[in-house]
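Residues 1 to 166 in our numbering are what the sequence shown spells out, letter by letter.
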Amino acid sequence: MGTDALDPLDRLDLVGRLIAERDCERLIVEFVHRLDLGEPGDVADLFTPDGWWEWAAGDRRIAGREALRAYFAGRPADRLSRRLCTNILVTLTSAATATASTYFTTFRVDGHTGGMLPPRLPVQVGRYEDTFRKVDARWLLAGRELFLDFAGPTERLSPADDRPGA
1 MGTDALDPLD RLDLVGRLIA ERDCERLIVE FVHRLDLGEP GDVADLFTPD
51 GWWEWAAGDR RIAGREALRA YFAGRPADRL SRRLCTNILV TLTSAATATA
101 STYFTTFRVD GHTGGMLPPR LPVQVGRYED TFRKVDARWL LAGRELFLDF
151 AGPTERLSPA DDRPGA
């Protein structure tokens with residue numbers, strides 16, 4: 001039997017599989033890095049042009065790179081957020097597609113003007129279920145579904161709260 005009859009995953013060598021998995025893991029980490037520390041609208045560049053973001057509970061779905069850019073760029077300018085991602089499990093489903101499951105915890109406040117804040121409880125704990133597609137030799141998010149196990153409102157700081165040691 002020729003190699004053309006093999007499953008596309010069988011044609012990937014071990015190093016190719018590891019690189020593909022690592023590329024997908026990096027997208028997951030780069031997403032939260034851009035959202036927390038960069039320009040939030042730039043996360044749209046990590047999605048395919050027809051990519052989507054959806055919340056499992058409710059009727060919230062953002063589809064298309066430009067709609068995603070507008071959505072994420074619309075975050076409050078005074079929001080301070082930090083996301084922790086763990087237990088990232090990437091599964092290649094073909095040579096050009098993959099899925100992943102990632103646990104996340106989000107710490108977030110609005111009204112931040114600078115400086116360190118006292119510790120706070122997370123406002124969200126849940127998981128991302130991602131699908132990836134390789135486009136022009138680059139792995140991108142084709143879709144992300146968000147599942148929340150714990151969630152609460154985002155605290156809005158008063159000016160007196162937003163100072164070091166407050």
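Beta carbons are placed, not taken as given, at the ideal position from N, Cα and C, and that holds for glycine.
On a predicted model such as this, the values are computed, not experimentally measured, just so you know.
Under DSSP, I62 shares a beta bridge with W53.
By the Cβ criterion, the region 32 to 39 is in contact with the region 74 to 89, since at least three pairs of Cβ atoms, one from each stretch, lie closer than 8 Å.
By the Cβ criterion, the region 11 to 30 is in contact with the region 121 to 132, since at least three pairs of Cβ atoms, one from each stretch, lie closer than 8 Å.
In the displayed model, R144 falls within a strand according to three-state DSSP.
Classified as buried, R69 has 16 or more neighbouring CB atoms from the shown chains inside 10 Å of its CB.
For the set G58, E54, T86, E155, the Cα lying nearest the Cα of Y103 is the one of T86. Across the structure, P122 and W53 are spaced so that their CA atoms are roughly 21 Å apart. The C-alpha of R75 lies about 12 Å from the C-alpha of D42. Within the same chain, and ignoring the five residues on either side of T154 in sequence, the residues whose Cβ sits closer than 7 Å to its Cβ are R108, V109, D110, V123. Taking the CA atoms as reference points, R120 sits about 32 Å from T99.
G41 carries a helical assignment under DSSP once its states are collapsed to helix, strand and coil. Secondary structure note for V123: it is in no beta strand (DSSP E), with a DSSP letter that is neither H nor E. In the displayed model, A73 falls within a helix according to three-state DSSP. In this structure, L157 and H112 form a Cβ contact; the two beta carbons are roughly 6 Å apart against a cut-off of 8 Å. For the region 68 to 119, the full-length beta strand (DSSP E) segments reaching 3 residues or more read 80 to 92, 97 to 110 along the chain. Secondary structure at A20: helix, using DSSP grouped into helix, strand and coil.
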